[in-house]
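Peer 1:
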Amino acid sequence: MQSMIRRLQQGRTVPDICGLQGGSRALFLAEACAGLGRTVLAIVATDDLLEPLAQDIGLFARDPVLVYPSFEIPPYTPLSPDPATVATRLSTLHRLQEAPAIVLTSAEAVLRRILPRKALNDHSELLIRGEEVDREALIDTLTMAGYQACDMVSREGDVAVRGGIIDIFAPATEAGPPDPLRLDFFGDTLESLRSFDPLTQRSIREQEEAILLPASDILFSADRRRWQESLRTAISDLGLPRQQAASLQERLGQQVRFPGIEFFLPLIYGGPGSLQTLFDYLPADALIVLSEPDLLGRQQDLVQERIQANFLEAREGDIAALPPETLFLDRDEFQRISARFPTIRLCTLPDPDRDGEPVTIHTGDHSLLRQEIELERKKRGLLAPLADRIIRWQQRGETTIMACRSGRQAGHLQEMLAGYQIRCQGIDAPLDMNALPAADHVHLVEHPLSRGFDL
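Residues in the sequence shown are numbered from 0 upward in steps of one, following numbering that gives the first Met the number 0.
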(Lines of atoms letter the chains of each structure in order from A and count residues from 1; the text may use other names and numbers.)
(Lines give C-alpha, C1' and ligand atoms only; values in the text may rest on other atoms or scores of the structure.)
Protein backbone atom coordinates (compact mmCIF):
# COMPACT_ATOMS: atom_id res chain seq x y z
CA MET A 1 0.00 0.00 0.00
CA GLN A 2 2.76 2.44 0.93
CA SER A 3 4.75 1.56 -2.19
CA MET A 4 1.79 2.58 -4.36
CA ILE A 5 1.57 5.91 -2.57
CA ARG A 6 5.31 6.48 -3.03
CA ARG A 7 4.89 5.91 -6.77
CA LEU A 8 2.21 8.59 -6.85
CA GLN A 9 4.41 10.96 -4.86
CA GLN A 10 7.08 10.47 -7.53
CA GLY A 11 4.61 11.25 -10.31
CA ARG A 12 4.70 7.70 -11.68
CA THR A 13 1.67 5.84 -13.00
CA VAL A 14 0.11 3.18 -10.82
CA PRO A 15 -1.24 -0.11 -12.20
CA ASP A 16 -4.62 -1.53 -11.24
CA ILE A 17 -4.73 -2.47 -7.56
CA CYS A 18 -6.44 -5.73 -6.64
CA GLY A 19 -7.04 -7.57 -3.39
CA LEU A 20 -8.34 -4.84 -1.09
CA GLN A 21 -11.16 -6.49 0.84
CA GLY A 22 -13.50 -5.43 3.63
CA GLY A 23 -12.67 -2.06 5.13
CA SER A 24 -9.16 -2.03 3.67
CA ARG A 25 -10.29 0.20 0.78
CA ALA A 26 -11.17 2.85 3.34
CA LEU A 27 -7.69 2.52 4.80
CA PHE A 28 -6.13 2.89 1.35
CA LEU A 29 -8.08 6.08 0.63
CA ALA A 30 -7.13 7.55 4.01
CA GLU A 31 -3.46 6.69 3.52
CA ALA A 32 -3.46 8.09 -0.02
CA CYS A 33 -4.86 11.46 1.06
CA ALA A 34 -2.52 11.71 4.06
CA GLY A 35 0.56 10.49 2.18
CA LEU A 36 0.07 12.75 -0.83
CA GLY A 37 -1.32 15.79 0.97
CA ARG A 38 -3.79 16.10 -1.89
CA THR A 39 -7.52 15.78 -2.40
CA VAL A 40 -8.72 12.28 -3.32
CA LEU A 41 -11.97 11.81 -5.27
CA ALA A 42 -13.27 8.24 -4.97
CA ILE A 43 -16.07 7.24 -7.34
CA VAL A 44 -18.24 4.23 -6.48
CA ALA A 45 -21.06 2.64 -8.46
CA THR A 46 -24.13 3.61 -6.43
CA ASP A 47 -25.18 6.07 -3.75
CA ASP A 48 -25.93 3.41 -1.14
CA LEU A 49 -22.18 2.72 -0.90
CA LEU A 50 -21.27 6.30 0.04
CA GLU A 51 -22.21 6.57 3.71
CA PRO A 52 -20.79 3.17 4.79
CA LEU A 53 -17.52 3.98 3.02
CA ALA A 54 -17.40 7.45 4.58
CA GLN A 55 -17.93 5.92 8.01
CA ASP A 56 -15.16 3.38 7.43
CA ILE A 57 -12.71 6.04 6.26
CA GLY A 58 -13.40 8.02 9.43
CA LEU A 59 -11.73 5.22 11.39
CA PHE A 60 -8.41 5.92 9.65
CA ALA A 61 -8.44 9.47 8.28
CA ARG A 62 -7.54 12.76 9.90
CA ASP A 63 -8.41 14.56 6.68
CA PRO A 64 -12.03 15.64 6.08
CA VAL A 65 -14.30 13.03 4.50
CA LEU A 66 -16.91 14.62 2.22
CA VAL A 67 -19.87 12.96 0.49
CA TYR A 68 -21.27 14.18 -2.83
CA PRO A 69 -24.50 12.23 -3.49
CA SER A 70 -26.76 12.23 -6.52
CA PHE A 71 -30.17 13.86 -6.39
CA GLU A 72 -31.82 10.42 -6.67
CA ILE A 73 -34.71 11.73 -8.76
CA PRO A 74 -35.48 10.44 -12.27
CA PRO A 75 -34.23 12.76 -15.03
CA TYR A 76 -36.74 15.04 -16.75
CA THR A 77 -39.43 14.64 -14.09
CA PRO A 78 -41.27 17.47 -12.28
CA LEU A 79 -39.57 16.63 -9.00
CA SER A 80 -36.99 18.49 -6.95
CA PRO A 81 -34.35 16.91 -4.70
CA ASP A 82 -34.50 16.71 -0.93
CA PRO A 83 -33.16 19.96 0.62
CA ALA A 84 -30.77 17.97 2.81
CA THR A 85 -29.23 16.37 -0.28
CA VAL A 86 -28.84 19.76 -1.93
CA ALA A 87 -27.20 21.11 1.24
CA THR A 88 -24.78 18.18 1.40
CA ARG A 89 -23.72 18.71 -2.22
CA LEU A 90 -23.24 22.47 -1.82
CA SER A 91 -21.32 21.96 1.41
CA THR A 92 -18.98 19.52 -0.32
CA LEU A 93 -18.44 21.86 -3.28
CA HIS A 94 -17.54 24.69 -0.90
CA ARG A 95 -15.20 22.63 1.27
CA LEU A 96 -13.49 21.16 -1.80
CA GLN A 97 -11.94 24.57 -2.33
CA GLU A 98 -10.24 24.50 1.07
CA ALA A 99 -7.86 21.92 2.57
CA PRO A 100 -7.19 18.48 1.03
CA ALA A 101 -10.08 16.09 1.61
CA ILE A 102 -11.37 12.65 0.70
CA VAL A 103 -14.45 13.11 -1.47
CA LEU A 104 -16.85 10.24 -2.16
CA THR A 105 -19.31 10.31 -5.03
CA SER A 106 -21.30 7.94 -7.22
CA ALA A 107 -21.48 7.11 -10.92
CA GLU A 108 -24.71 9.06 -11.26
CA ALA A 109 -23.70 12.09 -9.21
CA VAL A 110 -20.46 12.69 -11.09
CA LEU A 111 -22.24 12.79 -14.47
CA ARG A 112 -24.54 15.70 -13.65
CA ARG A 113 -23.43 19.17 -14.69
CA ILE A 114 -23.62 21.69 -11.86
CA LEU A 115 -23.68 25.39 -11.09
CA PRO A 116 -20.53 27.36 -11.92
CA ARG A 117 -17.99 27.65 -9.15
CA LYS A 118 -18.12 31.45 -9.37
CA ALA A 119 -21.89 31.44 -8.79
CA LEU A 120 -21.51 29.40 -5.60
CA ASN A 121 -18.79 31.67 -4.26
CA ASP A 122 -20.58 34.88 -5.25
CA HIS A 123 -23.75 33.81 -3.43
CA SER A 124 -21.94 32.83 -0.20
CA GLU A 125 -22.20 35.43 2.56
CA LEU A 126 -19.57 36.10 5.24
CA LEU A 127 -21.00 37.44 8.49
CA ILE A 128 -18.77 38.89 11.22
CA ARG A 129 -19.94 39.65 14.72
CA GLY A 130 -19.97 43.35 15.50
CA GLU A 131 -20.24 44.47 11.88
CA GLU A 132 -23.02 46.56 10.37
CA VAL A 133 -25.40 44.38 8.33
CA ASP A 134 -28.43 45.57 6.36
CA ARG A 135 -31.02 43.14 7.77
CA GLU A 136 -33.55 43.60 5.00
CA ALA A 137 -30.88 43.18 2.33
CA LEU A 138 -29.65 40.02 4.10
CA ILE A 139 -33.17 38.56 4.14
CA ASP A 140 -33.55 39.33 0.43
CA THR A 141 -30.17 37.71 -0.25
CA LEU A 142 -31.18 34.56 1.62
CA THR A 143 -34.44 34.37 -0.33
CA MET A 144 -32.53 34.67 -3.62
CA ALA A 145 -30.16 31.95 -2.37
CA GLY A 146 -33.01 29.47 -1.94
CA TYR A 147 -33.84 29.75 1.76
CA GLN A 148 -37.46 29.13 2.76
CA ALA A 149 -39.19 31.29 5.37
CA CYS A 150 -40.69 29.39 8.33
CA ASP A 151 -41.67 29.89 11.97
CA MET A 152 -38.93 27.68 13.40
CA VAL A 153 -35.92 26.28 11.54
CA SER A 154 -35.63 22.49 11.47
CA ARG A 155 -33.60 21.58 8.38
CA GLU A 156 -31.04 23.05 6.01
CA GLY A 157 -32.50 25.82 3.90
CA ASP A 158 -34.85 27.19 6.58
CA VAL A 159 -34.82 30.81 7.76
CA ALA A 160 -36.98 32.34 10.51
CA VAL A 161 -37.23 36.05 11.30
CA ARG A 162 -38.53 37.27 14.67
CA GLY A 163 -37.96 40.95 15.31
CA GLY A 164 -34.24 41.55 15.71
CA ILE A 165 -33.40 37.82 15.58
CA ILE A 166 -32.79 35.79 12.42
CA ASP A 167 -32.40 32.00 12.64
CA ILE A 168 -30.68 30.42 9.64
CA PHE A 169 -30.07 26.74 8.94
CA ALA A 170 -27.27 26.89 6.36
CA PRO A 171 -25.32 24.02 4.74
CA ALA A 172 -22.26 22.98 6.73
CA THR A 173 -18.94 24.69 6.13
CA GLU A 174 -16.91 22.53 8.52
CA ALA A 175 -16.75 18.93 9.73
CA GLY A 176 -19.71 17.38 11.47
CA PRO A 177 -23.46 17.80 11.09
CA PRO A 178 -24.55 21.42 10.64
CA ASP A 179 -26.14 23.46 13.40
CA PRO A 180 -28.44 26.40 12.73
CA LEU A 181 -27.23 29.91 13.50
CA ARG A 182 -28.97 32.62 15.50
CA LEU A 183 -28.21 36.18 14.49
CA ASP A 184 -29.10 38.77 17.12
CA PHE A 185 -29.22 42.37 15.89
CA PHE A 186 -29.24 45.70 17.68
CA GLY A 187 -30.40 47.98 14.91
CA ASP A 188 -28.15 47.02 12.00
CA THR A 189 -25.30 45.81 14.21
CA LEU A 190 -24.82 42.06 14.40
CA GLU A 191 -24.38 41.82 18.17
CA SER A 192 -24.37 38.05 18.55
CA LEU A 193 -23.71 35.11 16.27
CA ARG A 194 -24.14 31.66 17.79
CA SER A 195 -25.03 28.12 16.84
CA PHE A 196 -27.92 26.42 18.63
CA ASP A 197 -29.77 23.14 18.95
CA PRO A 198 -32.95 23.30 16.84
CA LEU A 199 -34.78 20.91 19.20
CA THR A 200 -34.00 22.53 22.54
CA GLN A 201 -33.28 26.03 21.18
CA ARG A 202 -30.28 26.14 23.53
CA SER A 203 -27.09 27.86 22.41
CA ILE A 204 -24.12 25.65 21.55
CA ARG A 205 -21.32 28.17 21.08
CA GLU A 206 -20.63 31.78 20.23
CA GLN A 207 -18.95 32.44 16.88
CA GLU A 208 -16.94 35.38 15.63
CA GLU A 209 -17.90 34.76 12.02
CA ALA A 210 -19.84 32.42 9.78
CA ILE A 211 -20.16 31.69 6.09
CA LEU A 212 -23.71 31.28 4.80
CA LEU A 213 -23.76 29.05 1.75
CA PRO A 214 -26.74 29.14 -0.61
CA ALA A 215 -29.47 26.59 0.06
CA SER A 216 -30.12 25.90 -3.62
CA ASP A 217 -28.10 25.57 -6.80
CA ILE A 218 -30.80 27.61 -8.56
CA LEU A 219 -29.34 31.07 -7.96
CA PHE A 220 -31.14 33.84 -9.81
CA SER A 221 -29.41 37.07 -10.77
CA ALA A 222 -30.36 40.20 -8.82
CA ASP A 223 -30.27 42.16 -12.11
CA ARG A 224 -33.65 40.81 -13.17
CA ARG A 225 -34.06 42.70 -16.46
CA ARG A 226 -30.63 41.77 -17.77
CA TRP A 227 -31.11 38.19 -16.61
CA GLN A 228 -34.45 37.90 -18.43
CA GLU A 229 -32.83 39.12 -21.64
CA SER A 230 -30.12 36.49 -21.25
CA LEU A 231 -32.80 33.88 -20.52
CA ARG A 232 -34.74 34.83 -23.66
CA THR A 233 -31.62 34.44 -25.80
CA ALA A 234 -30.72 31.10 -24.21
CA ILE A 235 -34.23 29.70 -24.76
CA SER A 236 -34.25 30.96 -28.36
CA ASP A 237 -30.96 29.18 -29.07
CA LEU A 238 -32.52 25.85 -28.05
CA GLY A 239 -34.89 25.88 -31.03
CA LEU A 240 -37.87 24.72 -28.98
CA PRO A 241 -41.41 24.91 -30.41
CA ARG A 242 -42.79 28.42 -29.96
CA GLN A 243 -45.39 27.46 -27.36
CA GLN A 244 -42.86 25.54 -25.25
CA ALA A 245 -40.37 28.40 -25.47
CA ALA A 246 -42.97 30.97 -24.40
CA SER A 247 -44.15 28.82 -21.49
CA LEU A 248 -40.58 28.24 -20.33
CA GLN A 249 -39.77 31.95 -20.57
CA GLU A 250 -42.80 32.77 -18.43
CA ARG A 251 -42.10 30.15 -15.75
CA LEU A 252 -38.40 30.87 -15.38
CA GLY A 253 -38.76 34.61 -15.86
CA GLN A 254 -40.71 34.92 -12.62
CA GLN A 255 -37.61 33.73 -10.70
CA VAL A 256 -39.71 31.31 -8.68
CA ARG A 257 -38.39 27.80 -8.09
CA PHE A 258 -40.75 25.01 -9.15
CA PRO A 259 -40.50 21.20 -8.99
CA GLY A 260 -38.15 20.02 -11.73
CA ILE A 261 -36.49 23.40 -12.30
CA GLU A 262 -33.14 21.64 -11.82
CA PHE A 263 -33.52 20.19 -15.32
CA PHE A 264 -33.41 23.74 -16.73
CA LEU A 265 -30.24 24.63 -14.82
CA PRO A 266 -28.25 25.79 -17.89
CA LEU A 267 -30.85 28.49 -18.57
CA ILE A 268 -30.34 29.94 -15.07
CA TYR A 269 -26.67 30.63 -15.82
CA GLY A 270 -26.74 31.81 -19.43
CA GLY A 271 -27.60 28.80 -21.56
CA PRO A 272 -26.00 25.54 -22.72
CA GLY A 273 -22.29 25.46 -22.01
CA SER A 274 -22.58 27.62 -18.89
CA LEU A 275 -22.44 24.80 -16.35
CA GLN A 276 -19.42 23.09 -14.85
CA THR A 277 -18.75 19.64 -13.40
CA LEU A 278 -17.54 18.26 -10.11
CA PHE A 279 -14.07 18.02 -11.69
CA ASP A 280 -13.99 21.81 -12.10
CA TYR A 281 -14.13 22.17 -8.31
CA LEU A 282 -11.19 19.82 -7.74
CA PRO A 283 -7.65 21.05 -7.16
CA ALA A 284 -5.47 20.50 -10.23
CA ASP A 285 -3.38 17.88 -8.40
CA ALA A 286 -6.32 15.82 -7.12
CA LEU A 287 -6.19 12.02 -7.34
CA ILE A 288 -9.11 10.09 -8.86
CA VAL A 289 -9.85 6.61 -7.50
CA LEU A 290 -12.25 4.41 -9.45
CA SER A 291 -13.70 1.68 -7.25
CA GLU A 292 -14.63 -1.38 -9.34
CA PRO A 293 -14.30 0.35 -12.76
CA ASP A 294 -16.27 -2.32 -14.64
CA LEU A 295 -19.24 -2.02 -12.29
CA LEU A 296 -18.88 1.75 -12.40
CA GLY A 297 -19.01 1.73 -16.21
CA ARG A 298 -22.08 -0.49 -16.30
CA GLN A 299 -23.84 1.79 -13.83
CA GLN A 300 -23.01 4.84 -15.93
CA ASP A 301 -24.45 3.08 -18.98
CA LEU A 302 -27.68 2.44 -17.07
CA VAL A 303 -27.84 6.09 -16.04
CA GLN A 304 -27.32 7.18 -19.66
CA GLU A 305 -30.05 4.85 -20.88
CA ARG A 306 -32.50 6.26 -18.33
CA ILE A 307 -31.59 9.83 -19.28
CA GLN A 308 -32.14 9.19 -22.99
CA ALA A 309 -35.40 7.30 -22.45
CA ASN A 310 -36.87 10.01 -20.22
CA PHE A 311 -35.74 12.77 -22.58
CA LEU A 312 -37.43 11.10 -25.56
CA GLU A 313 -40.56 10.48 -23.51
CA ALA A 314 -40.70 14.17 -22.56
CA ARG A 315 -40.25 15.29 -26.15
CA GLU A 316 -42.91 12.88 -27.39
CA GLY A 317 -45.26 14.21 -24.70
CA ASP A 318 -44.69 17.77 -25.94
CA ILE A 319 -42.92 18.68 -22.68
CA ALA A 320 -40.04 21.17 -22.78
CA ALA A 321 -36.77 19.35 -22.11
CA LEU A 322 -33.17 20.40 -22.62
CA PRO A 323 -30.89 18.06 -24.61
CA PRO A 324 -29.11 15.54 -22.34
CA GLU A 325 -25.66 16.84 -23.27
CA THR A 326 -26.50 20.22 -21.69
CA LEU A 327 -27.31 18.61 -18.33
CA PHE A 328 -25.14 15.51 -18.12
CA LEU A 329 -21.75 14.18 -19.11
CA ASP A 330 -21.79 11.11 -21.30
CA ARG A 331 -19.37 8.29 -20.58
CA ASP A 332 -16.83 9.43 -23.20
CA GLU A 333 -16.78 12.97 -21.84
CA PHE A 334 -16.45 11.66 -18.31
CA GLN A 335 -13.40 9.63 -19.32
CA ARG A 336 -11.88 12.56 -21.22
CA ILE A 337 -12.29 15.01 -18.34
CA SER A 338 -11.21 12.60 -15.61
CA ALA A 339 -8.09 11.76 -17.64
CA ARG A 340 -6.73 15.20 -16.69
CA PHE A 341 -6.07 13.80 -13.22
CA PRO A 342 -3.87 10.91 -12.05
CA THR A 343 -6.15 7.91 -11.63
CA ILE A 344 -6.06 4.67 -9.66
CA ARG A 345 -8.36 1.72 -10.34
CA LEU A 346 -9.33 -0.53 -7.42
CA CYS A 347 -10.54 -3.93 -8.64
CA THR A 348 -11.61 -7.11 -6.91
CA LEU A 349 -10.17 -9.20 -9.74
CA PRO A 350 -7.62 -8.38 -12.47
CA ASP A 351 -9.03 -7.17 -15.80
CA PRO A 352 -7.68 -9.48 -18.55
CA ASP A 353 -8.27 -6.77 -21.18
CA ARG A 354 -6.03 -4.23 -19.45
CA ASP A 355 -2.40 -3.76 -20.42
CA GLY A 356 0.17 -4.26 -17.71
CA GLU A 357 0.23 -6.43 -14.63
CA PRO A 358 -1.96 -5.36 -11.69
CA VAL A 359 -0.58 -5.07 -8.19
CA THR A 360 -2.21 -7.29 -5.59
CA ILE A 361 -2.36 -6.13 -1.99
CA HIS A 362 -3.22 -9.24 -0.03
CA THR A 363 -5.90 -8.65 2.58
CA GLY A 364 -8.42 -10.94 4.25
CA ASP A 365 -12.07 -10.15 4.83
CA HIS A 366 -12.79 -12.46 7.82
CA SER A 367 -15.40 -14.43 5.86
CA LEU A 368 -13.84 -17.72 7.01
CA LEU A 369 -13.81 -16.48 10.60
CA ARG A 370 -17.51 -15.66 10.39
CA GLN A 371 -18.23 -19.14 9.02
CA GLU A 372 -16.20 -20.73 11.80
CA ILE A 373 -18.06 -18.76 14.46
CA GLU A 374 -21.41 -19.72 12.96
CA LEU A 375 -20.47 -23.43 12.82
CA GLU A 376 -19.28 -23.41 16.44
CA ARG A 377 -22.17 -21.29 17.69
CA LYS A 378 -24.37 -24.09 19.04
CA LYS A 379 -21.52 -25.98 20.70
CA ARG A 380 -19.36 -23.20 22.10
CA GLY A 381 -21.24 -19.94 21.67
CA LEU A 382 -20.21 -16.93 19.63
CA LEU A 383 -17.22 -15.78 21.63
CA ALA A 384 -15.13 -18.93 22.12
CA PRO A 385 -14.02 -19.37 18.48
CA LEU A 386 -13.28 -15.65 18.26
CA ALA A 387 -11.17 -15.84 21.41
CA ASP A 388 -9.25 -18.80 19.93
CA ARG A 389 -8.49 -16.78 16.82
CA ILE A 390 -7.38 -13.74 18.82
CA ILE A 391 -4.99 -15.89 20.86
CA ARG A 392 -3.47 -17.31 17.66
CA TRP A 393 -3.04 -13.79 16.26
CA GLN A 394 -1.28 -12.70 19.44
CA GLN A 395 0.98 -15.75 19.40
CA ARG A 396 2.07 -14.73 15.89
CA GLY A 397 2.78 -11.20 17.12
CA GLU A 398 -0.11 -9.68 15.20
CA THR A 399 -1.93 -6.62 16.53
CA THR A 400 -5.69 -7.05 16.96
CA ILE A 401 -7.96 -4.01 16.77
CA MET A 402 -11.70 -4.39 17.25
CA ALA A 403 -14.06 -1.66 16.05
CA CYS A 404 -17.02 -1.13 18.40
CA ARG A 405 -20.18 0.82 17.72
CA SER A 406 -20.17 2.46 21.15
CA GLY A 407 -18.33 2.71 24.42
CA ARG A 408 -20.93 0.48 26.01
CA GLN A 409 -20.31 -2.25 23.45
CA ALA A 410 -16.56 -1.92 23.99
CA GLY A 411 -17.06 -2.32 27.74
CA HIS A 412 -19.16 -5.47 27.34
CA LEU A 413 -16.63 -6.96 24.94
CA GLN A 414 -13.77 -6.24 27.32
CA GLU A 415 -15.60 -8.00 30.17
CA MET A 416 -16.39 -11.06 28.06
CA LEU A 417 -12.86 -11.42 26.64
CA ALA A 418 -11.44 -11.17 30.16
CA GLY A 419 -13.07 -14.56 30.78
CA TYR A 420 -10.64 -15.99 28.21
CA GLN A 421 -7.62 -14.24 29.81
CA ILE A 422 -7.50 -11.78 26.92
CA ARG A 423 -6.56 -8.28 28.02
CA CYS A 424 -8.08 -5.27 26.30
CA GLN A 425 -7.40 -1.57 26.25
CA GLY A 426 -8.97 1.39 24.51
CA ILE A 427 -7.47 3.20 21.54
CA ASP A 428 -8.64 6.41 19.90
CA ALA A 429 -9.78 6.99 16.34
CA PRO A 430 -8.51 7.87 13.85
CA LEU A 431 -6.00 5.03 13.93
CA ASP A 432 -2.37 5.59 12.98
CA MET A 433 -1.57 2.44 11.04
CA ASN A 434 2.13 3.38 10.91
CA ALA A 435 2.39 3.26 14.71
CA LEU A 436 0.28 0.31 15.75
CA PRO A 437 0.20 -0.56 19.46
CA ALA A 438 1.72 -3.72 20.91
CA ALA A 439 0.17 -7.11 20.19
CA ASP A 440 -0.19 -8.20 23.84
CA HIS A 441 -3.57 -6.50 24.16
CA VAL A 442 -6.72 -6.40 22.08
CA HIS A 443 -7.26 -2.75 21.24
CA LEU A 444 -10.86 -1.52 21.28
CA VAL A 445 -11.75 1.56 19.25
CA GLU A 446 -15.12 3.30 19.53
CA HIS A 447 -15.85 3.63 15.84
CA PRO A 448 -17.90 1.27 13.65
CA LEU A 449 -16.42 -0.53 10.65
CA SER A 450 -18.67 -2.10 8.02
CA ARG A 451 -16.41 -5.13 7.48
CA GLY A 452 -13.20 -6.21 9.15
CA PHE A 453 -10.00 -7.17 7.35
CA ASP A 454 -6.49 -8.55 7.81
CA LEU A 455 -3.30 -6.94 6.59
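Note that beta-carbon positions come from the ideal geometry of N, C-alpha and C, so glycine has one too.
Since the model is a prediction, treat every value here as computed from it, not as a measurement.
The alpha helix (DSSP H) spanning Thr-142 covers which residue range?
Peer 2: 134 to 143 is the extent of the alpha helix (DSSP H) around Thr-142.
Peer 1: For Ile-165, count neighbouring Cβ atoms within 10 angstroms of its own Cβ and tell me buried if that reaches 16, exposed if not.
Peer 2: The residue in question, Ile-165, is buried, as its Cβ has 16 or more Cβ neighbours within 10 Å.
Peer 1: I'd like the ranges of any beta strand (DSSP E) spanning at least 3 consecutive residues and lying wholly in the region 63 to 105.
Peer 2: Runs found: 64 to 67 and 101 to 105.
Peer 1: Does the contact criterion of 3 or more C-beta pairs under 8 Å hold for the region 89 to 107 versus the region 171 to 191?
Peer 2: Taking 8 Å as the limit for Cβ pairs, the verdict is that the region 171 to 191 does touch the region 89 to 107.
Peer 1: Are the beta-carbon atoms belonging to Ile-42 and Pro-357 less than 8 Å from one another?
Peer 2: For Ile-42 and Pro-357, no; Cβs fall outside 8 Å.
Peer 1: When the Cα of Leu-382 is compared with those of Arg-161, Thr-276, Ala-245 and Arg-369, which residue comes out closest?
Peer 2: That would be Arg-369, whose Cα lies nearest to the Cα of Leu-382.
Peer 1: Tell me whether the beta-carbon of Asp-55 lies closer than 8 Å to the beta-carbon of Ala-25.
Peer 2: In contact: Asp-55 and Ala-25 (Cβ atoms closer than 8 Å).
Peer 1: So, for Thr-359: in the same chain, excluding its five sequence neighbours on each side, which residues have a beta-carbon less than 6 Å away from its beta-carbon?
Peer 2: Here the set comprises Cys-17 and Gly-18.
Peer 1: Within a Cβ cutoff of 6 Å, which residues of the same chain sit near Thr-399, ignoring the five residues on either side of it in sequence?
Peer 2: Only Ile-389, Trp-392 and Val-441 meet the Cβ criterion.
Peer 1: Between which two residues does the beta strand (DSSP E) harbouring His-467 extend?
Peer 2: A question about residue 467 goes unanswered here, because the residues of the chain that appear run from 0 up to 454.
Peer 1: Considering only the beta carbon of each residue, do Val-102 and Thr-87 sit closer than 8 Å?
Peer 2: Taking 8 Å as the Cβ cut-off, Val-102 and Thr-87 do not qualify as a contacting pair.
Peer 1: On the DSSP letters alone, give me the boundaries of the beta strand (DSSP E) that Ser-466 sits inside.
Peer 2: Residue 466 is absent from the model: the chain starts at 0 and stops at 454.
Peer 1: Helix, strand or coil for Gly-425? Go by DSSP, reduced to three states.
Peer 2: Here Gly-425 sits in strand by DSSP.
Peer 1: Between Ala-221, Pro-384, Ser-215 and Leu-430, which has its C-alpha nearest Met-415's C-alpha?
Peer 2: Of Ala-221, Pro-384, Ser-215 and Leu-430, the residue nearest in Cα terms is Pro-384.
Peer 1: Would you tell me roughly how many angstroms separate the C-alpha atoms of Glu-124 and Gln-253, rounded to the nearest one?
Peer 2: Rounded to whole angstroms, Glu-124 to Gln-253 spans 24 Å at the Cα level.
Peer 1: When DSSP labels each residue in this structure, what does Thr-12 get in the three-state scheme?
Peer 2: Looking at Thr-12 - three-state DSSP - the assignment turns out to be coil, as it is neither helix nor strand.
Peer 1: Do the CB positions of Arg-330 and Gly-296 come within less than 8 Å of each other?
Peer 2: Yes; because the gap between Cβ atoms is below 8 Å, this pair is in contact.
Peer 1: To the nearest whole angstrom, what separates the beta carbons of Pro-197 and Val-152, a pair I think is in contact under 8 Å?
Peer 2: With 8 Å as the limit, Pro-197 and Val-152 qualify as a contact, their Cβ atoms being about 6 Å apart.
Peer 1: Give, in chain order, every unbroken run of the beta strand (DSSP E) that is at least 3 residues long and sits entirely within the region 202 to 236.
Peer 2: As far as the region 202 to 236 is concerned, its whole beta strand (DSSP E) runs of at least 3 residues are 202 to 205 and 208 to 211.
Peer 1: Thr-347 by DSSP, collapsed to three states: which one?
Peer 2: Coil at Thr-347, not helix or strand.
Peer 1: Please state whether DSSP places Val-255 in a helix, a strand or coil.
Peer 2: If DSSP states are grouped into helix, strand and coil, Val-255 belongs with coil.
Peer 1: Which of helix, strand or coil does DSSP assign to Cys-456?
Peer 2: Nothing in the structure corresponds to residue 456, since the chain is present only between 0 and 454.
Peer 1: Determine the direct distance from the alpha carbon of Pro-429 to that of Asp-139, and round the result to whole angstroms.
Peer 2: Roughly 42 Å between the two C-alpha positions.
Peer 1: Report yes or no: do the region 283 to 296 and the region 339 to 358 share at least 3 C-beta pairs separated by less than 8 Å?
Peer 2: A contact exists between the region 283 to 296 and the region 339 to 358.
Peer 1: Hey, quick one: how far does the beta strand (DSSP E) through Ser-290 stretch, first residue to last?
Peer 2: Residues 286 to 290.
Peer 1: Under the three-state reduction of DSSP, which class applies to Gln-248: helix, strand or coil?
Peer 2: Gln-248: helix per DSSP, three-state reduction.
Peer 1: Using 8 Å as the threshold, is the C-beta distance between Leu-247 and Ala-319 below it?
Peer 2: Result yes, Cβ atoms of Leu-247 and Ala-319 sit closer than 8 Å.
Peer 1: With 16 as the cutoff for other CB atoms within 10 Å, does Arg-181 come out buried or exposed?
Peer 2: Classification for Arg-181: buried.
Peer 1: Pairing CB atoms from the region 212 to 224 with CB atoms from the region 176 to 196, are three or more of them under 8 Å?
Peer 2: No: the two stretches stay apart, fewer than three of their Cβ pairs being nearer than 8 Å.
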